[in-house]
Amino acid sequence: MMINKAAVVGAGLMGSGIARHMASHGIQVTLVDNNEEQLARAARVNENSDLQYTSDMTAINAVDYVIEAVFEDPDVKRQVLSQISSAVSPDCLIASNTSSLLIGDLEKAVTNPNRFIGVHYNNPADMNPVVEVIPSDHTETHYTDAILKWMKSAEKLAVKCKDTPCFILNRQSLPYINEASRCLNIASPGEVDSVVKNRLGIGLGPFAVMNLVGLPVMAAASCNLEVLGRGYRAAPELQERSRLNSPDWDIEEVGDVSKDKTSAIVKRLRGAMIFPGKDILAQALCSRDDLHLICKEALGYDKSSPELLEMFEPAVTTELLEVYLSHQ
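Here is the structure:
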C-alpha cells in the first residue's frame, strides 16, 4: 500500500511532532483534536508546517493512514480507536502511538484489526530517529511492510518489536528513570543529573528527560511495566509527584558531588541499564543490534546495555544487578 494522505488524532506535543515529521516527508496530514484550544495551540506551534486542522473526525474518511496520539490511558485510547474505525475506510491502516499498552488489547476497539499496528515515536517525535513498529498477532504483513518501508523513506530507524509490555524502548529506559527517582533518598535531582552527565557521559539527565516527556506520561508507563515483576517496579517518588500534579523537577545547578554519593548513583543507574537489557536479550524480544540502536540513538546512552554486558566481567555485572535489585 502507498501512504499519501494521513491523519494524526491528538494535537498535543507528541501528535504535533508526528504530524510535522510526516508533513516534512511529503504526506498530506490532517491533525485532529476535539479540543479547539488544543488545535489552536498546535496551529501556532506548527505554523511553518503544511498541516490541516479539524475537530471533526468524519473529515478523515479519505486518508490512507491514521495514528492516534492521545493520552496513555487504555480507556481513552480504545474510545478514540473506535471512533477512528467508524470514520475511515475498511482498509485504512490504523496505528496507535502507545508507549506501553499491548497492541493485542487495543486492537479489540478496531474493526478489521488486521489493519491495526503499533507505531511508537519517541519524543521529540520529529527529531528522535528511532520508531518502534509493533504488529499484533493479527496484523497483516503488508501493513507492517508498508510502515517499515515508509519509515525508511522518511529517514527514521524503524525497529520491529514483539507485542510485550512497554515494547523495547520503555522496557529498557523506565527502570533507569525509576531508579533515578529512587536515588532521591541520597541525592537531589540536580546532583543525579550532574553525575549522569559528568560520569556516565549522557547528555540529558534522567530528571531532564522526565521534564521533557512529562511526569504523568512517565508515571503511567511505569505502572504498565509493573506486570513484569521485580526489577520493573514503579518508583513511589515519581508516582506521588505525578499524582499530586506537581510541577517539573527542580534541577538545580550543583558543584562537585561527593565521591561516595557519585559512586552510589553510578552503580545504581548502571545496574538499572543492565537489568532490562539482559532480560530483553534473554527472552529474544529483539536482536542485539536493535537493542544497541535503541540505547544509543533513541535514549542517548553512552554505552548500550549490550555493550555494558560485554564490557563488564560477570562478577561486576552481578554486583551491579544486586545493588539495583536491593532498592526494588
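For the sequence shown, this note's numbering assigns the number 45 to the initial residue and increments by one for each residue that follows. Yeah, the Cβ is synthetic: ideal placement off N, Cα and C, and Gly gets one too. The structure presented is a predicted model; accordingly, all values stated were derived computationally and were not measured.
Asked: Whole-angstrom C-beta distance between I104 and A131, which should lie under 8 Å; Found: 6 Å
Asked: Touch test, the region 46-56 against the region 110-130, Cβ-Cβ under 8 Å, three pairs minimum; Found: yes
Asked: Cα-Cα separation between K305 and K311, rounded to whole angstroms; Found: 10 Å
Asked: CA-to-CA distance, P179 to I12, given in whole angstroms; Found: Given that the chain is displayed from residue 45 to residue 372, the structure contains no residue 12 and the question cannot be resolved.
Asked: As assigned by DSSP and simplified to three states, the class of G56; Found: coil
Asked: Proximity to G249 [Cα-Cα], best of I230, E223, G273 and V271; Found: E223
Asked: Test item: CB-CB of D170 and R64 under 8 Å; Found: yes
Asked: Assigned secondary structure, A63 (DSSP; H/G/I helix, E/B strand, else coil); Found: helix
Asked: Spatial neighbours of P173 in its chain, beta-carbon cut-off 8 Å, leaving aside the 5 residues before and after; Found: E199, K200, L201, E341 and A342
Asked: Under the three-state DSSP convention, the category E91 falls into; Found: coil
Asked: N- and C-terminal bounds of the alpha helix (DSSP H) containing L430; Found: Only positions 45 to 372 of the chain appear in the structure, and residue 430 is not among them; the question remains open.
Asked: N- and C-terminal bounds of the beta strand (DSSP E) containing F251; Found: Element bounds for F251: not the beta strand (DSSP E) but the alpha helix (DSSP H), P250 to V257.
Asked: Residue from K322, R226, H336 and Y345 whose Cα sits closest to the Cα of T361; Found: K322
Asked: Simplified DSSP assignment, three categories, for I39; Found: The structure shown does not extend to residue 39, since the chain is modelled only from 45 to 372, so the question has no answer here.
Asked: As assigned by DSSP and simplified to three states, the class of T306; Found: helix
Asked: Opening and closing residue of the alpha helix (DSSP H) in which K193 lies; Found: T185 to S197
Asked: Proximity below 8 Å, CB of L95 to CB of A67; Found: yes
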